[in-house]
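Enquirer: Counting from 61, one number per residue, gives the positions in the sequence shown under the numbering used here. Glycine residues also receive a C-beta, built at the ideal position from the N, C-alpha and C atoms.
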Amino acid sequence: MDNQENSNPTPTPPSTEPESASAPPAAPSPPAGQASEPARPPAYVPPNEHKGLSIIGYIFPVLFFLPLVTEAKHDPAAKFHSNQQLILLIWFVIANFIGIIPLLGWIIAPLMWIFGVIVAIMGIINAAQGAQKRLPLIGKYDLIK
61 MDNQENSNPT
71 PTPPSTEPES
81 ASAPPAAPSP
91 PAGQASEPAR
101 PPAYVPPNEH
111 KGLSIIGYIF
121 PVLFFLPLVT
131 EAKHDPAAKF
141 HSNQQLILLI
151 WFVIANFIGI
161 IPLLGWIIAP
171 LMWIFGVIVA
181 IMGIINAAQG
191 AQKRLPLIGK
201 YDLIK
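As structure tokens, then:
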């Protein structure tokens, strides 16, 4: 007895995978008469060369004057952040004086310090990004013109 039954291949069922997986569609070509232009880079924004001074002033607000006595005094962003740092310094001084008052001052002063630290962190982020955003609640005053 021959084993010819095993030698006949059985047909395989057709694949259920979609045919679109083989190649992605080509990008549409530009209309006739128009040449494709490369994408333009975003407009050049000069970096703030004095970011370091602005950041240091938020970490140590007593150093707010540094950008005002260096070549950074001509940079409007550095002057803006110096103003915000001076206001933050005044906020911390007021918090210290309020902290002298027994009981009520001992409650209010730490809250003012926590707020000041949060606002200082926001100022550091703004200075690092080169943004001139005013600090919440205390940043609306301009003491340095």
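Considering just the uninterrupted stretch of the alpha helix (DSSP H) at Gln192, what are its terminal residues?
Expert: As a first step, residue 192 must be located in the sequence shown, where it is residue number 132. Taken as a continuous stretch (DSSP letters only), Gln192 belongs to no alpha helix (DSSP H), as it is neither H nor E.
Enquirer: Could you compute how far the alpha carbon of Ala180 sits from the alpha carbon of Asp202?
Expert: The residue given as residue 180 occupies position 120 in the sequence shown. The residue given as residue 202 occupies position 142 in the sequence shown. So the two alpha carbons sit approximately 17 Å from each other.
Enquirer: Counting only the same chain and skipping the five closest in sequence on each side, list residues whose C-beta sits under 6 Å from that of Glu109.
Expert: For the purposes of this step, residue 109 is taken as residue 49 along the sequence shown, with counting starting at 1. Same-chain partners within the cutoff: there are none.
Enquirer: Check whether the Cβ atoms of Lys139 and Ile204 sit closer than 9 Å, and answer yes or no.
Expert: Working through the sequence shown from its first residue, we reach residue 139 at position 79. Working through the sequence shown from its first residue, we reach residue 204 at position 144. A contact, by the Cβ cut-off of 9 Å.
Enquirer: Please determine if the segment 163-171 and the segment 126-145 are in contact, where contact requires at least 3 C-beta pairs separated by less than 8 Å.
Expert: With a cut-off of 8 Å, the segment 126-145 and the segment 163-171 do not count as touching, because too few Cβ pairs lie within range.
Enquirer: Grab the span of the alpha helix (DSSP H) containing Gly234 for me, first residue to last.
Expert: This structure cannot speak to residue 234, because the chain is shown only from 61 to 205.
Enquirer: The alpha helix (DSSP H) with Phe140 in it runs from where to where?
Expert: The count along the sequence shown starts at 1 and reaches residue 140 at position 80. Residues Pro136 to Ile160.
Enquirer: Classify Ala191: buried if its beta carbon has 16 or more other beta carbons within 10 angstroms, exposed otherwise.
Expert: Within the sequence shown, the letter at position 131 stands for residue 191. It is exposed - the Cβ of Ala191 has fewer than 16 other Cβ atoms within 10 Å.
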